[in-house]
Structures are given as structure tokens and as C-alpha cells.
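Top line first, the protein sequences correspond to chains A and B. 257 is the number of the first residue of the first sequence in this note's numbering; add one for each residue after it. 257 is the number of the first residue of the second sequence in this note's numbering; add one for each residue after it. Ideal placement from N, C-alpha and C gives every residue a C-beta, glycine not left out. Bear in mind that the values here come from a model prediction, so they are computed numbers and not experimental data. Contents: one structure, followed by commentary.
Number of protein chains: 2
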Amino acid sequence: MTEFANADDRSLVELLLAAAERALDDADSDAAAVDSVHVGNMAAEAFNARSGLANALAGSLGMTGAAARRIENTSASGASAFQSAFEAVASGRSERALAVGGEKMSDADTATATEIISRITHDREYEQGVTLPSFGGLAAAAYLHEYEGDRRDLARVAVKNHANAFANEYAQFRKRIDVDDVLDSPAIASPLHLYDCCPTSDGAAAVVISADPTDRTDGAVTIAACESAAGTHAVADREDPLEIESVRIAGRRAYDAAGFGANAIDVACIHDAFTVLEWLEMEELGLAPEGKAWRLTRDGETEIDGELPVNPGGGLKARGHPLGATGISQVVELVWQLRGDLPDDRAVERANRGLAVNVAGFGNNAVCTLLEAGA
Amino acid sequence: MTEFANADDRSLVELLLAAAERALDDADSDAAAVDSVHVGNMAAEAFNARSGLANALAGSLGMTGAAARRIENTSASGASAFQSAFEAVASGRSERALAVGGEKMSDADTATATEIISRITHDREYEQGVTLPSFGGLAAAAYLHEYEGDRRDLARVAVKNHANAFANEYAQFRKRIDVDDVLDSPAIASPLHLYDCCPTSDGAAAVVISADPTDRTDGAVTIAACESAAGTHAVADREDPLEIESVRIAGRRAYDAAGFGANAIDVACIHDAFTVLEWLEMEELGLAPEGKAWRLTRDGETEIDGELPVNPGGGLKARGHPLGATGISQVVELVWQLRGDLPDDRAVERANRGLAVNVAGFGNNAVCTLLEAGA
């Protein structure tokens, strides 16, 4: 992956290319040996006045003849592209697939970016001015009202993710914060403050998926499952404002496909676009009992040396959230953790199985990926 | 499919929904029986300030739990979504898939649409002001210089496609034209005139692909192959300005997968964004000998009652070209022809095998689909 940043000088295609080249290099593979390209990106036409990303990338890599397309699924575009690549290999249609996700949000002015991101929501909600941060605020208020966790526990999610990013050279924010920093930051959508929310970012991430077991003799990681599900489009249609059905269904399908469950997970990358989402998704995925995720945070169990490290790379909150890159950057983080490639201050101990969940909108869709160390 | 139009009052999501409902109705299927949705669209964010199409459509259809994503491949977004749906079913991951393509170009002002469509091309070509119509003009000039066909033969492609669209109630242009109308229309990129070029359009098209042979007892059509390939991104990198390698590779792969070749094709839907492309693609696909497609046009062999009817629904030229819808509308046309559903003035006689080719940019990518009558 590229280092995520508030603004990167390179163009979107250059970012995609940089990540692709790193992944090909890591996989010890030539572009010519890859027969399909799956590009994850949310809004290049609107953000960058750029189109045809998949073919631009295939062209830059000299991959004439490869299958190439872009997959868009709003903030889950990255994992959806990864899933597309996984399916191409798993079905036998592709021997070696390249999944590359990226976004360059700094090209867009705030009004454009806000408009496009807001238009992820249901028309009825959009027309009433409901935005993703306001959904986050409503969910956070409901969670704190319903369960015992408090506002300071919520802030601890951001504090932990910033601490993890501090050690991660690919992270956008390499700055430690404390609970008071979160509470003193400007209010965004009560009770959420600025430091409860992920930033806008530039960046790209890529992986090579191969059907050929001889491709790597060491450090191979196996995809145990990659499953997705659409949720209700209008949040108001949900019976419980704290449920994210897409995450629950995608997770259940992934556990079924992998043959292991939440208890087997050693490390998780959760889509923490807002701090409260880390809790809601952990609960939907069975990584915490319902209404109890706050407890794991308060007790430090989700810290990098805790029982279940969550977002060891800093999460969307602090590693950054270049929309189309995020889902693939989660996979990259898990691969590094499962391989044991990372320095001590970054590494989760004894990580054999990892989970990543990438979410579109406020639960409009979710993709859950399970990885296992070894070939 | 919806009736294609210069401007449709409905929103993009409403267009997608209308086409989806028609396809589900035709397939005698409930949305609840469909487990994956594949939306083809090029530029909703830029044209319509709208995002998250796949989830909006899944939500409108009440398909919570389905796999849903959008596939973008510029002007081949429709066929790429169809291919994604086909792969989901062929690989066993989906029992019943819905492919829906659509575009609402009338929301965008001409400057925005021109900019986004021009940014399909390679940076180097874009920076020099080369646009898709100018590529079309260069190729047409080269073809007329290289081979015996003349300017009036090229016009006959448009005349034929307008005649076919005249009988097609779903077509945008239901107006017969003659060769002089083409030659008298304004020059666009010499030697191409306005009537050599497809219009901008609003519309959507959809199909249901099922793995269950009991889904239809009559009128079933089988997907014999659906293959794609990226071409060179920069047109200037091609050894021969008249080659479209993506089309040739995708076609060859499709014939190999289907087990039959160009000689077996009874009807073809060719991506005639510019008249000359109908010839170039027919030649790459082996539907005409190299340098001889003009002869088939001059002799009337590609007319609806000819030896090899091409674009019986009017093609991009006259049925219209709502970018993301086009590839799926080609499949819809072939299904109608292979089933024998159409009135006499619209129908190709004895059509058992059909070919569709949908092209991204000026050959940056191509998807070739082969359909066969019967289950």
C-alpha cells in the first residue's frame, strides 16, 4: 500500500500503480503473469474528473489481454474489488488476480465530496439532511443510552486507534491522543466529536491473489472466506437503530464458509468510520457480546497487546480512509500481522486468523473477509 | 429494458428499477429469489451526483442479504456487469443473478459529460485534445484510405441502423434516414458526420441469469460464453490504427469457450458508437474478412433480412447509447431475437446463435457474449 495522507501529490492512477507495483513485488510476480485486474474506487469521475481506471491501470502495467474492471460499492469498494478478485480465482476463471483499491479525495472540494458521500444514503433520508456523521451521532447516542459504556469509553476507541497508527509508517495520523483530546475536539454530530470520525484521505492498496500454491514458499496467507451482503438502504427501516444486518449476515456467511467462528479470530480490522461503529460491528460479528463491546475497550482487550487486538494499523480513524483503498488496506494489514512481518511495537502476538469487515454507507452493504496464516 | 430516450423524466435509480422489474417479470421471478445484483453504470457520481447505486437498487427491490455491487468499465459497463452476473452463476456462488445497466446522461451538462467521457482516454492523448469522436474520424479516414469501401458505404451503416430502430419501440431514434442525410449532417471529425455518431441517452436494461433449468420451460436462452480483454490504453501504441485487439482477444476467447465460431453466428449486436466501428469490430470478430466489412454493408448482407443481420435493434447509433445500459440492451435484443418474440418487421429469421460485443473507450476493453437459443 501507499502511505495514506491528507493529500498526496500523485494522481489517482499513479497511486493505484504504486500500490500495484508494491504488491507485485511482494508477490514476486510480473504483471504479465496476472490475468485479471479488479480496481476498487468510489468516485473517480466526480472527485478526479477521471474515468476508465481499470483500463488505465492495466495499460500502465502493460497487461493487454487481461480481464479488467472497476468495482464500486461506496466505502466498501475496496473489499468488493478484493471479493471480485477472490471470486475470479476461486472459480478458476483467473489463475492470478490483482486487486487494487484507491481514492484521491484531496482533488475534490469539500462541497463536492460532501454531496457525493451524502448521496450514498436513501433519498428520503438525504432529502431530510441526514448525513453519515449524523447517523453516527444517532447511533452513538442510542448506544450510550441503551448500554453501560460511557462517552469516555467511546473516546478510548479513538485513543487506541491513534496509538496503533503512531507506530504504523503507512498511517495518515501519527499522533497520540488522549480521551480529553477527543472530548475537547469540535462537536460534529452529538455526541460524536471530530476525533470520533475518520478523515478524508488519499491512498491506495493492492494484493495479488493466486491459485498457484508454488507462488510463495514462505509467508503465504490463505483466504478462508470473503462474503458480502446488502443491508436495508434506509436506516429508518431497521427495527433496531443499533443493528447492522449487512455486517451480521456477511459475517455469518464468512464463518460458515471458513469453518471457524468468532472465537478463532486473533486480530480484526473493523470499519471504524465513527468510533461507535467499532462497537456495533464487533457485536454483530460475535467478537463481543451484544451491548458489551464498550467493556472490551475499557478493559484494554482490543489494544494491540490485548486479548483481541482491533485495528492494529490504526483503523479508518487514524490510518485514514481513502474510500476505495480502505477494504484492501485492511487485508494488507492482516497479511502483515499473520505473516509476522511487523516490528514488535506494531505486531499482534500469535496471530493465525484475522477478520476484516468493510462497510458501505451506514451499513448499506458489508464485506467480511477471513484470512488464515499459511498456505 | 426501458425505452431509450434523449431525456427521461425518471431518476437513474427509477430507470434501473423499471428495467429490473421488467426483467424479473419476464423471468417470472421474485426479487427475493435473486441472490446477487450486478449494476452496470459509468458515471453516476459525476452525471447525477448520486452514489451507491447497487445498494439503492437492492434496497428498492427489498433484497436485504443479497450480494450487490456496481461494475464500471466506461462504455462497456453494461456487459461487464452482465459478465459479473454470469460469473457469479457459473461459479456456483449465485443461484439467480440480476444484471442491470443504466445511465442518465441528460442530468449532466455538455461540458461535464464531455470532460468525463474524454477522460477515458490515455493521459497523453487527452492532453493533446484527442477525443473519442476524433479517434473515430482517424480510424474512418484510415479505413477508407486502406480499403475499397467509400464514404457512402460508411453512411449505409447508419442508414441500416436507423431503419432497424424505426421498427423498434425501445429505440431513441425512430426516423428513417438516407445516405444523403448522413453526408449533409454537420461534420464532427472528418470524415465522420453527426449521423455517423451515437447520441447521448437515458435508459436502462436488465436480465435475470439463472442456474436453475426449471426457471423457464419455454423461451430460455443459454449463455454460451462471456469473455473480456483489456486492450492497449493509448491508441497510439497500436501497431495498426485499424486494429482493436481487445475485441479480437475477447472474441477468440468467447468462440473457444462456446465451441463454435463466427460462421455459426446468425445475428450480431456490434458496438457502433461510430459507423466505422461496426466494420472494424466485425472484422476483428471474423464476421467479415479483413478489409471487407464495407462490402457486406454495400450488398445489404447486414440488413435485417440479409445473410448476417447486424444491430437489428438499431445499435448504439439509433437505439441509443445510455453508457451503462448498452451492453445489457444488446443481450436483451439477442434474447428477443433468439426466442422469436418479435414482430415480423423486427425479427431476424432463423436466429439460433447471437453475438454481442460491448467496447470500453476506443477499444480499451471489450466484452464478447455468445448466446444460444434453448436451455
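| Check | Outcome |
| --- | --- |
| Neighbour flag for N614/B against chain A, beta carbons, 8 Å | no |
| V463/A - partner residues in DSSP beta bridges | A355/A |
| Interface residues of chain B facing T582/A [CB-CB closer than 9 Å] | Those do not exist, as T582/A stays about 15 Å from chain B at its closest Cβ, beyond 9 Å. |
| Proximal residues, the segment 356–376 of chain A versus chain B, C-beta separation under 8 Å | E371, I372, I373, R375, I376 |
| Under 7 Å from the C-beta of E301/B: neighbouring residues of chain A | A299, E301, A302, I372 |
| Any non-hydrogen atom of the ligand COA within 7 Å of V438/B CB | The ligand COA is not part of the structure shown, which contains no ligands of any sort. |
| Pair within 8 Å by beta-carbon distance, I560/A and N424/A | no |
| Neighbour-count burial assignment, T366/A, 16 or more Cβ in a 10 Å radius | exposed |
| Proximal residues of chain C, C-beta to C-beta of R326/A below 8 Å | Protein chains A and B are contained in the structure displayed, whereas chain C is not. |
| Sequence-distant residues of its chain with Cβ nearer than 7 Å to Y451/A (five each side left out) | A414, I433, D437, V438, S441 |
| Helix, strand or coil at E537/B [DSSP, three-state] | helix |
| Contact with chain B by I505/A, beta-carbon distance below 8 Å | yes |
| Members of the segment 481–494 of chain A near chain B, C-beta cut-off 9 Å | E483, S484, A485, A486, G487, T488, H489, A490, D493 |
| Simplified DSSP state of D471/B, which is helix, strand or coil | coil |
| Near-chain A residues of the segment 523–542 of chain B (beta-carbon distance less than 9 Å), N- to C-terminal order | none |
| Rounded Cβ spacing between E483/A and A520/A (contact assumed at less than 8 Å) | Between A520/A and E483/A the Cβ distance is about 16 Å, and since that is not below 8 Å, they are no contact. |
| Cutoff 6 Å; reference A283/A; Cβ partners in own chain excluding five residues on either side | V464 |
| Alpha helix (DSSP H) segments (min. 4 residues) lying fully within the segment 323–372 of chain A | 333–346 |
| Interface flag, E501/B vs chain A, CB-CB below 8 Å | yes |
| Alpha-carbon to alpha-carbon, T330/A and E537/B | 34 Å |
| Where R509/B falls: helix, strand or coil (DSSP) | helix |
| Cβ separation of A276/A and A581/A, assumed to be a contact under 8 Å, to the nearest whole Å | That belief does not hold up - the Cβ atoms of A276/A and A581/A are roughly 12 Å apart, past 8 Å. |
| Beta carbon proximity, I277/A to chain B, threshold 8 Å | The residue you asked about is not Ile; residue 277/A is Glu in the sequence shown. By this cut-off, E277/A is not an interface position. |
| Alpha carbon of K416/B to alpha carbon of A476/A, nearest angstrom | 57 Å |
| Nonlocal neighbours in the same chain, by C-beta distance under 6 Å from A607/B, ignoring five residues either side | D522, V523, Q593, L594 |
| Which residues DSSP lists as bridging D479/A, in chain order | In the sequence as presented, Asp is not what sits at residue 479/A; that position holds Ile. BP columns for I479/A point to L627/A. |
| Chain-ordered chain A contacts of H577/B [CB-CB under 8 Å] | Result: empty, since nearest Cβ-Cβ is about 15 Å, beyond 8 Å. |
| Contact check, A332/B vs L498/B, beta carbons under 8 Å | no |
| Start and end residues, beta strand (DSSP E) containing G296/B | 292–296 |
| Test: M257/B CB closer than 8 Å to a CB of chain A | no |
| Neighbouring residues, chain B, relative to A445/A (Cβ below 9 Å) | Near A445/A there are no residues of chain B at all, since even the closest Cβ is about 20 Å away, more than 9 Å. |
| From L564/B, A622/B, V604/B, residue whose alpha carbon lies closest to that of G583/B | A622/B |
| Any chain B beta carbon closer than 8 Å to R349/A | yes |
| Beta-carbon neighbours of T320/A, restricted to chain B and to distances below 7 Å | A486, G487, T488, E501 |
| Runs of alpha helix (DSSP H) lying entirely within the segment 378–405 of chain A, each at least 4 residues, in chain order | 379–383, 388–402 |
| Whole-Å CB distance - V587/A paired with A612/A, under 8 Å assumed | 6 Å |
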